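To convert, count from 1 in the sequence shown and add 312; that's the working numbering. Built from N, CA and C at the ideal position, the CB exists for glycine as well. Just so we're clear, the structure is a prediction, and the values are computed from it rather than from any experiment.
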Amino acid sequence: MRHTSTLLGIAASCLLAFSPGLIAANQDSATLPADHPSTASVCAECHESESQIHANHAECTSCHLNASTHAAAKSPRKTAPGLPETEQCLACHKNDDARMNFAVSDHHNAGVACADCHGVHSPKVKGNDLSLAKAEDSSKLCATCHRDVLARFDMPSHHPVKEGGVSCVGCHDQHGSKTVSLQSNTERCLTCHQRLRGPFAFEHVPAVEDCSNCHDPHGAPTRRLLAAAQPMLCLQCHSLPNNRHGQTASTATTPEALNQPVSGALLRRCTNCHSAVHGSTQDEHLRY
Numbered sequence: 313m314r315h316t317s318t319l320l321g322i323a324a325s326c327l328l329a330f331s332p333g334l335i336a337a338n339q340d341s342a343t344l345p346a347d348h349p350s351t352a353s354v355c356a357e358c359h360e361s362e363s364q365i366h367a368n369h370a371e372c373t374s375c376h377l378n379a380s381t382h383a384a385a386k387s388p389r390k391t392a393p394g395l396p397e398t399e400q401c402l403a404c405h406k407n408d409d410a411r412m413n414f415a416v417s418d419h420h421n422a423g424v425a426c427a428d429c430h431g432v433h434s435p436k437v438k439g440n441d442l443s444l445a446k447a448e449d450s451s452k453l454c455a456t457c458h459r460d461v462l463a464r465f466d467m468p469s470h471h472p473v474k475e476g477g478v479s480c481v482g483c484h485d486q487h488g489s490k491t492v493s494l495q496s497n498t499e500r501c502l503t504c505h506q507r508l509r510g511p512f513a514f515e516h517v518p519a520v521e522d523c524s525n526c527h528d529p530h531g532a533p534t535r536r537l538l539a540a541a542q543p544m545l546c547l548q549c550h551s552l553p554n555n556r557h558g559q560t561a562s563t564a565t566t567p568e569a570l571n572q573p574v575s576g577a578l579l580r581r582c583t584n585c586h587s588a589v590h591g592s593t594q595d596e597h598l599r600y
C-alpha cells in the first residue's frame, strides 16, 4: 500500500511538472487572499499605506500589471501600468448593474475616471456603496467639480443638501442612468413627493412631462423651487385669451365671490385660484 501511494505521488508530481497550463488555470480561477506572500505582502514593503486596498477582494496584480518589471526598475512608475484605469475597474465590475452604464455616462464622456471619486486603496465596507468614496459626504465630493450647483443650495428655496436632508446621489446616478427620457426625471422626484403622483382625472401636462418644466431642483430665489415667479412662470405657456381674468371675482365663475378684480392681487399668483397645479380629481381648470 505504501509503495502504491509513493508511485501515485511521483505520478502526480510529474503531471504537474509537465503541465504548467494546469497550474496557471487553477491559479487564474481562484482569488488569492490579500496577504498572499507572492503579491500583497511583497508590495506592502514599499506601499504600506495601500495595503488595505480591496483587501478581501483582489490581488495587487489584479490592477497593477507587470509587477516584476515594476519591482526591477530603478525609478518605478508612480502610476499603475497596464490597462487604462477605468477599463481596469470595469474588468471586475462589468456585471455590476450600478456601473454597467458608466462607459456611456456624462461623467465618462467628460473624462472623469473612477479614481477621481473613489479611493481605490481604501477598504470596502460590505453593504455601503459609498465606502470607497473619497469623501464621507458624497455631496461634498460632487461639489469639487460642480461648484456652480453647490452655490444654488444657498438660494432662499433649495433642496436641503447642505443641511444633510438629501444628497446628490439621491437624485443623480453618478455611474450613468439606464434611461434618458424626461419621464425618468418625474419618476425620480415622485419617489419622495408621493402625494403628487395621482392618478388625476385632470392632469397638468407640464407636471406629467417633467417636474423641471416649472421647478429648479437645486435652488431658486422663488418659493417652492419655482423656476420663475408667478404669474410669469404660468404665462410662459398660458396666454389670456378672454377677459375672464379682468372681471371681478363676484361675476367670474370662481368657487367663491371675493369681490375684487382678478387682474389685481389674485393675478399676481395664479395658484390663489388654481391651487391644484399638479392635477385635480374634480376640476378641469385645476382650481381645487
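Status (buried if at least 16 other CB within 10 Å, exposed otherwise) for residue i
i	result
residue 384	exposed
residue 486	buried
residue 528	buried
residue 547	exposed
residue 416	exposed
residue 549	exposed
residue 526	buried
residue 478	exposed
residue 505	exposed
residue 455	buried
Residues of its chain near residue i, where Cβ-Cβ distance is below 7 Å and the 5 sequence neighbours each way are ignored
i	result
residue 467	531, 532 and 533
residue 590	508, 516 and 519
residue 286	Because the chain in this structure spans residues 313 to 600, residue 286 falls outside the shown range and cannot be described.
residue 539	526, 527, 528, 532 and 545
residue 315	Annotation note: pLDDT 47 at residue 315 (below 50); position unreliable, no value reported.
Residue range of the unbroken alpha helix (DSSP H) whose run includes residue i
i	result
residue 403	397-405
residue 460	459-464
residue 525	Where residue 525 is concerned, there is no enclosing alpha helix (DSSP H), given that its DSSP letter is neither H nor E.
residue 451	450-455
residue 508	Segment: none, residue 508 is in no alpha helix (DSSP H) and carries neither H nor E.
residue 606	Because the chain spans 313 through 600 in this model, residue 606 falls outside it and cannot be assessed.
residue 427	426-429
residue 421	418-421
Rounded Cβ spacing between residue i and residue j (contact assumed at less than 8 Å)
i	j	result
residue 480	residue 450	6 Å
residue 427	residue 397	6 Å
residue 500	residue 483	6 Å
residue 488	residue 413	3 Å
residue 429	residue 446	6 Å
Coarse secondary structure for residue i, derived from DSSP in three states
i	result
residue 482	helix
residue 537	helix
residue 469	strand
residue 445	strand
residue 380	helix
residue 592	strand
residue 586	coil
residue 515	strand
residue 532	strand
residue 502	helix
residue 413	coil
residue 374	helix
residue 358	coil
Same chain, Cβ closer than 6 Å to residue i, five either side skipped, listed in chain order
i	result
residue 513	593
residue 537	469, 527 and 528
residue 355	372
residue 510	591
residue 461	530
CB contact below 8 Å: residue i versus chain B
i	result
residue 543	Among the chains in the structure shown there is no chain B, since it carries only a single protein chain.
Nonlocal neighbours in the same chain, by C-beta distance under 8 Å from residue i, ignoring five residues either side
i	result
residue 497	522, 523 and 524
residue 580	542 and 543
Any non-hydrogen atom of the ligand SAM closer than 7 Å to residue i Cβ
i	result
residue 540	The model depicted lacks the ligand SAM and carries no ligand whatsoever.
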